[in-house]
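What follows is a set of notes on a single structure, which appears directly below.
Protein chains: 4
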Amino acid sequence: MRLTDEPQQSIDHIHAGRPRCEKAHGSVLDAAAELLNERGYSALTIEGIAARAGVGKQTIYRWWPNKAAILCEIYERDGCKLHATPDLGCVEAEIRELLGNIWAFWRETASGQAFRSVIAEAQGDQAVLTHLRDEFIPKRRIHWLVVLERAQKRGEVRSDANFNLFLDIVFGFNWHRLLTDQPPTPQEIESVVKLLIGGLGVGC
Amino acid sequence: MRLTDEPQQSIDHIHAGRPRCEKAHGSVLDAAAELLNERGYSALTIEGIAARAGVGKQTIYRWWPNKAAILCEIYERDGCKLHATPDLGCVEAEIRELLGNIWAFWRETASGQAFRSVIAEAQGDQAVLTHLRDEFIPKRRIHWLVVLERAQKRGEVRSDANFNLFLDIVFGFNWHRLLTDQPPTPQEIESVVKLLIGGLGVGC
Amino acid sequence: MRLTDEPQQSIDHIHAGRPRCEKAHGSVLDAAAELLNERGYSALTIEGIAARAGVGKQTIYRWWPNKAAILCEIYERDGCKLHATPDLGCVEAEIRELLGNIWAFWRETASGQAFRSVIAEAQGDQAVLTHLRDEFIPKRRIHWLVVLERAQKRGEVRSDANFNLFLDIVFGFNWHRLLTDQPPTPQEIESVVKLLIGGLGVGC
Amino acid sequence: MRLTDEPQQSIDHIHAGRPRCEKAHGSVLDAAAELLNERGYSALTIEGIAARAGVGKQTIYRWWPNKAAILCEIYERDGCKLHATPDLGCVEAEIRELLGNIWAFWRETASGQAFRSVIAEAQGDQAVLTHLRDEFIPKRRIHWLVVLERAQKRGEVRSDANFNLFLDIVFGFNWHRLLTDQPPTPQEIESVVKLLIGGLGVGC
DNA sequence: ATATAAACGAGACGGTACGTCGGGTCTTTTT
DNA sequence: AAAAAGACCCGACGTACCGTCTCGTTTATAT
């Protein structure tokens, strides 16, 4: 299932009829982001978005299959601010960098709230959950996998390490903190990185 | 805010008026648990619960401030199946035990679905979020803290370890897997425990 | 059906148990009358009356079969202020007197509002309608029949006059004005009496 | 306040949006009339009307401010069956005609029950009362005023007669009989007309 | 130029569920 | 036994949104 993109146009040959109004497209995303920030997820309704955007409801239903798709697109739109991490010569620093970036991103845009909402939405809608699990999340892991593989080449990482499981742990920490509205302080990030790299045990 | 308990009666002196009907109380919880399993969270409505339980809606609103409170009470009711972990002489084994128990508990009762729903509900309702963060979660951490402190006495754990942060990581992993409907296999639990205790790095 | 009286006590032999609490009886009527005046008929609920009277709902249901019965009793309680009309030697004057009295009574007590409410209630409840038609109204007509029969003896009245039909007309006028909240002025009463006695036509 | 008509459409220029569905409009009136006849006023609920009409509740609330407005429109819809009275050369005959017509109309359609219900509804709702008094009733009096003025020209009527007061008496009789569910027989109508025209008194 | 086609805003439609009110009944403790 | 208190099941209220469906209008491509 495709949640975020317009149905065909990108692929399809040009056809008759009025083309998609990009102004409406943008104002829907703006309206949704604004409402999410101002009134919260529970007050985010299609009807409200349409009214705020000055758009007919049908226009929304035509281009997005559900609320989550709008939220994902908001995330995506602002997400260009997240770049690959340069080689800092040390996993620990790079992970700290990645964690800091994502929390800054969540704090400074509507994306944090949007993401929380997508997760909530996924709990009652299988299609949303599938999209979240199989497309949205893997996409976000790429930057991390780059870093981890680089570290592996450097020999900083256990040879038997399961990267996906490790990322479940890292992302899990972030989700937990996001979903309970407890953004970590820089000190907490520092400590978390130590725990992730060094583990809880005393070591050998 | 108290979400799950009846207002005063347990503490209070006896008073005039018809007492709370315990049969209705139970059948509401049963109905909610059944509907959650059969139809999923998005189809879980107060109206539906009342109908299935053979109860007036008012009776539900009288005793529970919101859907989340019902779900928490379902969790709580079945939760007595989770006991303290006996001393196995080794943190690693004990954490494996705790993880295994919680996933078995989530799998075998309605509690896993109930918990997912509570988290979802908390994303749109500050009162639910507060309850979840400040009462529900801390309560679940007690068993874990016992184990960690025992390990600390044994000297199995870094002296500077922040237990709460460590538990954010552990619970985070669980949340992530629960919310994406990906229960871990025993092998995955095994690997996760290794990562948690030993860390991702090569060690000293 | 008996709407207004307490079920048995008036007839029955004295029996065991706590006797009817006359204070509660009175405070129910007071509370109902007050609420009717303050908030109007649509806000007059059994629950509200009980609360205002400081009485359990059951106490009301024990003694009155429905709201109309309470309203009738309010009417009855104040109704002792309506006496028989003394012989003024002339029907016209006596009818004027009767009309003036009833409107003064309705204006000065809660009875006018109570009566409106009873009529409204009767439109949806056959038992109330039957009581209204067969007991409540006939009782109110007695004073009028006395006057009319006196006039008949005086020879002031057509020999073929149907008194009941005449009273349907007189009471009809009153109902119409009461139900549309248009109490007649003394001048209007004067004119109405003329029309009732002399008719619309030019006469012989 | 306008109770019965759709807000603007009849007058207004055409506007955007889906137009009012006339099928739904009609089926609401039909459903209300049927339910009123079958189950009575006390069982006439908006919810019931919507269900019977196969219509959403909102569709009712969109077009009618209250139940009374629906009932008035039912009355109005069938009311076209009431025509002006032709000149019969004699008030007495014409009034007999008018009375006979109205009672036939009330008997043969749902209108009698609808009207009773409107009067009941007006006792608890000022807006309904105002509409009833200032718009609904005056409209019904026009036919009567035509007849009375014709009679005046013929010289059949007292020169000082107050027509409105006379109609309060006539309508009052009808209301009284309608509200107590006692439709008059033709003989009673005959007698009432005599009383109205000739008065109760012996005459000069 | 003029069809034809599709997107647009507006807003009515049949529905579902909400949270509240009140009805009439039932079950306690208190008087 | 009656009363105050208050919980019970139930039905209806009026509202909010859902996702769908006309409308008249606008803007493109295809004749």
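So the sequences go chain by chain: A, B, C and D. Counting in this note's numbering, the first sequence runs from 106 upward without gaps. Counting in this note's numbering, the second sequence runs from 106 upward without gaps. Counting in this note's numbering, the third sequence runs from 106 upward without gaps. Counting in this note's numbering, the fourth sequence runs from 106 upward without gaps. Cβ coordinates follow ideal geometry from the N, Cα and C atoms, glycine included.
>> I'd like to know whether the C-beta atoms of V307 (chain B) and R263 (chain A) end up nearer to each other than 8 Å.
In response: Translated into positions along the second sequence, residue 307 (chain B) becomes position 202. Translated into positions along the first sequence, residue 263 (chain A) becomes position 158. Yes, the pair counts as a contact, with Cβ atoms nearer than the cut-off.
> In three-state terms, what does DSSP make of G277 (chain D)?
Replying inline: As a working note, residue 277 (chain D) is residue 172 in the fourth sequence. G277 (chain D) falls in the helix class under three-state DSSP.
>> List, in chain order, every chain C residue whose beta-carbon is nearer than 8 Å to that of V233 (chain D).
In response: Against the fourth sequence, residue 233 (chain D) aligns to sequence position 128. By Cβ distance, chain C contributes nothing, its closest Cβ being about 10 Å from V233 (chain D), past 8 Å.
> Which bits of chain A does R296 (chain B) rub up against, with CB to CB less than 8 Å?
Replying inline: Translated into the one-based positions of the second sequence, residue 296 (chain B) becomes position 191. In the sequence on display, residue 296 (chain B) carries Ser and not Arg. Per Cβ cutoff of 8 Å: N267 and L270.
> Tell me, which residues are paired with G306 (chain C) by DSSP?
Replying inline: Within the third sequence, the letter at position 201 stands for residue 306 (chain C). Answer is D:V262, bridged to G306 (chain C).
> Does the ligand FAD have a heavy atom nearer than 7 Å to the CB of T235 (chain D)?
Replying inline: Summarising the ligand content, the structure contains no ligands, and the ligand FAD is consequently not present.
> Using Cβ-Cβ distances below 7 Å, what residues of the segment 214 to 225 of chain C are close to chain D?
Replying inline: R221, S222, I224 and A225
> If L283 (chain C) and H248 (chain C) are in contact, beta carbons under 8 Å, what's the gap, nearest whole angstrom?
Replying inline: Here residue 283 (chain C) refers to the residue found at position 178 when the third sequence is read from its first residue. Here residue 248 (chain C) refers to the residue found at position 143 when the third sequence is read from its first residue. At roughly 18 Å, the Cβ-Cβ gap does not stay under 8 Å, so L283 (chain C) and H248 (chain C) are not in contact.
>> So with CB distances below 9 Å, who are the chain A contacts of Y166 (chain B)?
In response: Position 61 of the second sequence, counted from the start, is the residue given in the question as residue 166 (chain B). Counting only Cβ-Cβ distances below 9 Å, Y166 (chain B) has no contacts in chain A at all, with the closest Cβ about 18 Å away.
>> Once DSSP output is grouped into helix, strand and coil, what is the label at K172 (chain C)?
In response: Counting from 1 along the third sequence, the entry for residue 172 (chain C) is found at position 67. It is helical.
>> Quick check on this structure: which residue in B:L253, B:D286 and B:D239 has the alpha carbon closest to the alpha carbon of G145 (chain B)?
In response: Numbered from 1 along the second sequence, position 40 holds the residue referred to as residue 145 (chain B). If we check each option's Cα against that of G145 (chain B), B:D286 comes out closest.
> Which residues in chain A sit within 7 Å of D230 (chain B), going by Cβ to Cβ distance?
Replying inline: Counting from 1 along the second sequence, the entry for residue 230 (chain B) is found at position 125. S147, listed in chain order.
> Whole-angstrom Cβ separation of K172 (chain B) and L140 (chain B), contact assumed at under 8 Å?
Replying inline: Numbered from 1 along the second sequence, position 67 holds the residue referred to as residue 172 (chain B). Numbered from 1 along the second sequence, position 35 holds the residue referred to as residue 140 (chain B). The Cβ separation is near 11 Å, so there is no contact.
> E261 (chain C) versus chain D: which residues are under 7 Å apart at the beta carbon?
Replying inline: In the third sequence, the residue the question calls residue 261 (chain C) occupies position 156. Listed along the chain, the chain D residues whose CB falls inside 7 Å of the CB of E261 (chain C) are G306 and V307.
> In terms of residues, what are the limits of the alpha helix (DSSP H) holding I154 (chain B)?
Replying inline: Here residue 154 (chain B) corresponds to residue number 49 of the second sequence, with the count starting at 1. Counting along the chain, the alpha helix (DSSP H) containing I154 (chain B) begins and ends at I151 to A158.
> Which one of A:G122, A:E127, A:A158 and A:R123 has the shortest CA to CA distance from A136 (chain A)?
Replying inline: Here residue 136 (chain A) refers to the residue found at position 31 of the first sequence. If we check each option's Cα against that of A136 (chain A), A:A158 comes out closest.
> Can you tell me the Cα-Cα spacing of T235 (chain A) and A174 (chain A), whole angstroms?
Replying inline: Looking up residue 235 (chain A) in the first sequence gives position 130. Looking up residue 174 (chain A) in the first sequence gives position 69. T235 (chain A) and A174 (chain A): Cα-Cα distance of roughly 12 Å.
> Who are the Cβ neighbours of A155 (chain C) in its own chain at under 7 Å, not counting the five residues just before and after it?
Replying inline: Counting from one through the third sequence, the residue named residue 155 (chain C) turns up at place 50. Same-chain partners within the cutoff: G161, K162 and I165.
>> Please identify the residue among B:N269, B:K258, B:W211 and B:G304 whose C-alpha is closest to the C-alpha of I274 (chain A).
In response: The residue labelled residue 274 (chain A) in the question sits at position 169 within the first sequence. Nearest C-alpha to I274 (chain A): B:G304.
>> I'd like to know whether the C-beta of L203 (chain B) is nearer than 8 Å to at least one C-beta of chain A.
In response: Against the second sequence, residue 203 (chain B) aligns to sequence position 98. Chain A contact via Cβ: absent.
> Along the segment 270 to 293 of chain C, what residues have a CB closer than 9 Å to any CB found in chain D?
Replying inline: L270, F271, D273, I274, V275, F276, G277, F278, N279, W280, H281, R282, L284, T285, D286, Q287, P289 and E293
> What residues in its chain sit with their C-beta under 8 Å from that of A225 (chain B), if we drop five residues either side in the sequence?
Replying inline: In the second sequence, counting from the first residue as 1, residue 225 (chain B) sits at position 120. Residues of the same chain with a CB within less than 8 Å of the CB of A225 (chain B), apart from the 5 flanking positions on each side, are Y146 in chain order.
> By the 10 Å Cβ neighbour count, where 16 or more other Cβ atoms means buried, how is K128 (chain A) classified, buried or exposed?
Replying inline: Numbered from 1 along the first sequence, position 23 holds the residue referred to as residue 128 (chain A). Exposed, because fewer than 16 other Cβ atoms sit within 10 Å of the Cβ of K128 (chain A).
> What do you get for E254 (chain C), buried or exposed, if any count of 16 or more other CB atoms within 10 angstroms of its CB means buried?
Replying inline: Here the question's residue 254 (chain C) lines up with position 149 in the third sequence. Classification of E254 (chain C): exposed, given that the 10 Å Cβ count is below 16.
> So, is G260 (chain A) buried or exposed, given that buried needs 16 or more other C-beta atoms within 10 angstroms?
Replying inline: The sequence position of residue 260 (chain A) within the first sequence is 155, counting from 1. So G260 (chain A) ends up on the exposed side.
> Does the beta carbon of R245 (chain D) sit closer than 8 Å to a beta carbon anywhere in chain C?
Replying inline: Counted from its first residue, the fourth sequence places residue 245 (chain D) at position 140. Judged by the 8 Å Cβ criterion, R245 (chain D) is not in contact with chain C.
>> Between the alpha carbons of L272 (chain A) and R246 (chain A), how many angstroms are there, rounded?
In response: Along the first sequence, one-based indexing puts residue 272 (chain A) at 167. Along the first sequence, one-based indexing puts residue 246 (chain A) at 141. Taking the straight line joining both Cα atoms gives about 8 Å.
> Quick one: what does DSSP say P291 (chain B) is sitting in, helix, strand or coil?
Replying inline: Counting from one through the second sequence, the residue named residue 291 (chain B) turns up at place 186. P291 (chain B) falls in the helix class under three-state DSSP.
> Do you know offhand how far Y180 (chain C)'s Cα is from W169 (chain B)'s?
Replying inline: Numbered from its first residue, the third sequence carries residue 180 (chain C) at position 75. Numbered from its first residue, the second sequence carries residue 169 (chain B) at position 64. Their backbone Cα atoms lie some 44 Å apart in a straight line.
>> Could you compute how far the alpha carbon of D192 (chain D) sits from the alpha carbon of R182 (chain C)?
In response: What you label residue 192 (chain D) is simply residue 87 of the fourth sequence in a count that begins at 1. What you label residue 182 (chain C) is simply residue 77 of the third sequence in a count that begins at 1. Each residue's CA atom was taken as its position, placing D192 (chain D) and R182 (chain C) some 51 Å apart.
> Which residues of chain C have a Cβ atom closer than 9 Å to the Cβ of I302 (chain D), listed in chain order?
Replying inline: Mapped onto the fourth sequence, residue 302 (chain D) falls at position 197. Within 9 Å Cβ-Cβ: G304, L305 and G306.
> Among the residues of its own chain, which have a CB less than 6 Å from the CB of I200 (chain B), if the five just before and after it don't count?
Replying inline: As a working note, residue 200 (chain B) is residue 95 in the second sequence. Result list for I200 (chain B): V298, in chain order.
>> Does any residue of chain A have a CB that is nearer than 8 Å to the CB of R238 (chain B)?
In response: In the second sequence, counting from the first residue as 1, residue 238 (chain B) sits at position 133. Yes - at least one Cβ of chain A is within 8 Å of the one on R238 (chain B).
>> Please classify G277 (chain C) as buried or exposed, where buried requires at least 16 other C-beta atoms within 10 Å of its C-beta.
In response: Along the third sequence, one-based indexing puts residue 277 (chain C) at 172. Classification for G277 (chain C): buried.
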